[in-house]
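Top to bottom, those sequences are chains A and B.
Read in order, the letters of the first sequence correspond to residues 1 to 431 in the numbering used here.
Read in order, the letters of the second sequence correspond to residues 1001 to 1457 in the numbering used here.
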Amino acid sequence: MAPKVVIIGNGISGITCARHIRKLSNYDITVISAESKYFFSRTALMYIYMGHMKEEHTRPYENFFWKQNRINLLQERVVTIHPPENYILLESGEQIRYDYLVLATGSRSNKFGWPGQDLKGVQGLYSLQDLETMEQYTSGIKRATVVGGGLIGIETVEMLLSRNIRVHFLVREKSFWNLVMPPDESEMINKLIYHHQVDLRLDTESKEIKSDETGRVRAIITSKEDTIDCSFVALTVGVSPNIDFVKNSGIQTDRGIIVDDYLQTNFKNIFAIGDCAQFKTPLPGRKPIEQVWYTGKIQGETAARNIVGLQTAYKPGHWFNSAKFFDLEYQTYGLVASQKDESDDWFWWQDRKGERGLRLVWEKNTKIFKGLNAMGIRISHEVCNEWLHDNATIDKVVKELTKANFDPEFFKGYEKEFRRSFEVTHQYITV
Amino acid sequence: MQTDINLSIASHTRTSSLNIKMKIGLALVFLSLLLLFLALFNQIQHPALLIIFFIATIAGSLLYTNGLYANTTAGIKNNGVMFKSISNRGAIAWVLGVALTALYILLYWYPELLGLHDNANTGLIGFFDPVSKLLNGHPASQWFVYGVLYTLTIILLGIKFIYKYRHNAYQVKRTISVMFFQLIIAFLIPEILGGLNMPYNDFKNMWPLNYYFFYDWHIDQLLGSGGFGMFVLVWGILSVVLISPVLTYFYGKRWYCSWVCGCGGLAETAGDSFRHLSSKKISAWRIERVLIYSVLFFAALMTGLVIYQYFTKQSQVLFLDSFKVREWYGFYIGAAFSGVIGVGFYPILGSRVWCRFGCPMAAILGIQQKFFSRFRITTNGSQCISCGNCTTYCEMGIDVRWYAQRGQDIVRSSCVGCGVCSAVCPRGVLKLENGPQKTKKLEGPILYQDGQFKIVE
């Protein structure tokens, strides 16, 4: 009989794992999720709220796909895991035996113990259920507050604005996302937020959330003792591994489920992937917990290969990521820190209107290209990756910039202008 | 636990926020519709009212567009698309669909109800007589009225489209192109030619979309019109055998379907609000392949019979009668499919039903695009987050995401190269490109691992 694989979680990691096990083997595969029967793209939640798409549009595979590929879907909640006996217990009381178990349970929104954080109309934004309650509690309201200046935070701001809701945005940092982005990029986004008439309050945190007589949020008090009246509060202060039910199972956990380079936990037949996994020894330049779409994909595929016996270590390659802030697209490749490293040099170019920007980073001594940030510009992943992989020099990158242009046809080029201002400041490089 | 989540967000319809410009704009457009309605029932026939019709339509539409977009930032404008009655198959969409369908039925089969008469036009057609006389010296026909309204729609909703996509140079240029081809090449030049007693000819309308090109009466008319007729004949044949294959080789079928074609022009402008309604199911793709190649076969067979008959004077080949086949094609494909279903069902089935399931021209260009063209949509490494915007807004029902999330190029015969998938992508993943055929990434899946792009399995 084919080995039985049970995957808990039907997000991008769990589903990628299931698909690759199916490609590589005849194993019996079951994917369990309490959130939804069918896999949907979590990154698209905001577009459902904004009316760009419906929930069914966010499903990357048609419903028949799962049966066709013999992947069993089960909408259930897992209560406990019993590693020595190799079974899990469902909320319904049913036990499911497994030969391999994959934990792909994702994240949940952080809450830091603020008074009032559990009131009606106060929530994070991570799941379909969150979207449903957000729909309910923002219907017809006039004001909302978003606490926390990360990617989910700014997306939530954009969502609320799409419903003509006045948004107050509390950001702990002195400039939006400046722990990740250099000051120029961060400032571009600050301006954008103001431009959209958001009441952006930098260097401000939440102190207390006030309730009305029905137990619903009425106002929020900031760390600067300002009171903001609002009927909805989104807490978007990051996410943490969703692993409460794993904690007493004997599977080793810390902030996340501890895994080695093969995504294996302390039990040989149990793997953890995606947002919930924490690497025992993180790869150089990478975090122990990676909460990014494509790392989930690569981890899913890596675990699948290990489960079918093709031993494969997790090697995600060069860092990259992207996001969209209102209408401004952002892409990053390689390593661009928020503050310049002693041993590095960097150059930032911005067009006159302040709509596009490009930063290149390189090592001072060797002139080796280390990474770039592109704002309002699309850059080819493949070309950048080649540069990073081949240790290309900054001269070569500046010279070949056009090769990496991924903007649509007829878009105004920026390379000439970039080169001109680059040469003025860095004459010593381009001879 | 079986919590079936019903995200019926669409039922919480947002209170729409029409500003004053939009309200006045809509009022003016309704006024012009009222004038058409009155004309239809023969209540008004006056050039002054016709001028008012044009002014109200143009001013109303421009004012509405301005009110809609003036205070917005440049960028994607899809907020609320899935909530609005008109774009979410609501009551307004059905009313519009029925009205458009009725209009097409009248145009094709009951033009006399629109006021077409041999001696003197009345009704809607009579209302437009003055413009027709001005352009070509003759009273209007139902097709003249249709041409005027069609062109007006492409121009005005084209302006709206340009305003909506003003941040995207590809969309702006492409839309200016379809507006130009409709106004000048498809409408004005043919009308003026008609006025000069030369054969009416739309120079961009190619066989087999222009299915009557090889009809005996058309060939005879061209041969009987001296040098100009000969030019049209040679141009028509060259378009099919040389110009179109060459352009399609270099740029894909988009050079025609979303830059030049009138059907495409209407779909891209008037149909923009309905592009997401196309079905993305694999079953729809299957139907598409059967239907479009059947129509192509039908068109080729009919043309073959017509040409055979032209030279041999024999209308009967085996069990097929040339005249009957022609009649069937005109009725089922020329009128019912391309007109009634193609445009009438915009608000229900999406804007490219004819182009996707029926157009024989699109079928030929599609085969070329797939096998003999430099065009493809490339995907940007592993940046895709599978959100689904590209697939949702593909008017041709292509599941763009399916390719993008694997890092595979999109090489599909149906792609008209409108570029909207690339525009709506929030992660900068899609790019319409022309390049050497052998660089098309047709193999998948391409995985990003170990610092290299490589093909696994």
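For each residue, glycine too, the CB sits at the ideal point set by N, CA and C.
query: Selection of the segment 1127 to 1157 of chain B by Cβ proximity to chain A, strictly under 7 Å; result: none
query: Members of the segment 51 to 73 of chain A that neighbour chain B once the beta carbon cut-off is set at 7 Å; result: 51, 52, 53, 54, 55, 57, 58, 60, 62
query: Near-chain A residues of the segment 1062 to 1075 of chain B - C-beta to any C-beta below 8 Å; result: 1073, 1074, 1075
query: Close beta carbons around residue 54 of chain A, own chain, < 7 Å, minus the five adjacent residues each side; result: 48
query: Validate contact between the segment 1253 to 1260 of chain B and the segment 1358 to 1365 of chain B using beta carbons, cut 8 Å, 3 pairs; result: yes
query: Within 8 Å, strictly: CB atoms of residue 1314 of chain B and residue 60 of chain A; result: no
query: Contacting residues, own chain, Cβ-Cβ under 6 Å from residue 1440 of chain B (five flanking each side not counted); result: 1376, 1409, 1411
query: Alpha carbon of residue 13 of chain A to alpha carbon of residue 99 of chain A, nearest angstrom; result: 19 Å
query: Euclidean distance between Cα positions of residue 308 of chain A and residue 26 of chain A; result: 9 Å
query: Proximity test, Cβ basis, 8 Å: residue 430 of chain A and chain B; result: Low per-residue confidence applies at residue 430 of chain A: pLDDT is 47, beneath 50, and the placement is therefore not dependable, though the value from the model is reported in the following sentence. By this cut-off, residue 430 of chain A is not an interface position.
query: Which of helix, strand or coil DSSP assigns to residue 1221 of chain B; result: helix
query: Residue burial classification, residue 1278 of chain B (beta-carbon count within 10 angstroms, cutoff 16); result: buried
query: Nearest to residue 1234 of chain B (by Cα), restricted to the options B:1201, B:1407, B:1060; result: B:1201
query: Environment of residue 1430 of chain B [buried if 16+ CB atoms lie within 10 Å]; result: buried
query: Closest by C-alpha distance to residue 1189 of chain B, when choosing among B:1164, B:1435, B:1204, B:1241; result: B:1204
query: In chain order, each beta strand (DSSP E) run of at least 3 residues that lies wholly inside the segment 255 to 283 of chain A; result: 257 to 259, 270 to 272, 277 to 279
query: Any chain A beta carbon closer than 8 Å to residue 1083 of chain B; result: yes
query: Closer than 8 Å to chain B by CB, residue 290 of chain A; result: no
query: Residue-level contact to chain B via CB, residue 319 of chain A, 8 Å cutoff; result: no
query: Proximity test, Cβ basis, 8 Å: residue 382 of chain A and chain B; result: yes
query: Reduced DSSP category for residue 1358 of chain B - H, G, I as helix; E, B as strand; rest coil; result: helix
query: With 16 other Cβ atoms within 10 Å as the buried cut-off, status of residue 254 of chain A; result: exposed
query: Given 8 Å, three or more beta-carbon pairs between the segment 1310 to 1324 of chain B and the segment 1332 to 1352 of chain B; result: no
query: According to DSSP, residues forming a beta bridge with residue 81 of chain A; result: A:88
query: Between the CA atoms of residue 304 of chain A and residue 231 of chain A - distance to the nearest angstrom; result: 45 Å
query: Chain B contact for residue 408 of chain A (CB, 8 Å cutoff); result: yes
query: Length of the line joining the Cα atoms of residue 1236 of chain B and residue 1419 of chain B; result: 28 Å
query: Backbone secondary structure at residue 10 of chain A - three-state DSSP; result: coil
query: Three-way DSSP call (helix, strand, coil) for residue 246 of chain A in this model; result: helix
query: Buried or exposed by the 16-neighbour rule on C-beta atoms within 10 Å, applied to residue 1401 of chain B; result: buried
query: Residue closest to residue 1214 of chain B, alpha-carbon to alpha-carbon, out of B:1282, B:1286, B:1305, B:1173; result: B:1305
query: Selected residue, minimal CA-CA separation from residue 1062 of chain B, among B:1370, B:1389, B:1162, B:1433; result: B:1162
query: Cut-off 8 Å between Cβ atoms - residues of its own chain near residue 150 of chain A, not counting five sequence neighbours on either side; result: 177, 236, 237, 238
query: Chain B within 8 Å of residue 44 of chain A, Cβ atoms only; result: yes
query: Nearest residue (CA-CA) to residue 1307 of chain B, options B:1351, B:1261, B:1218, B:1283; result: B:1218
query: Reference residue 203 of chain A; option with closest CA among A:212, A:242, A:251, A:148; result: A:148
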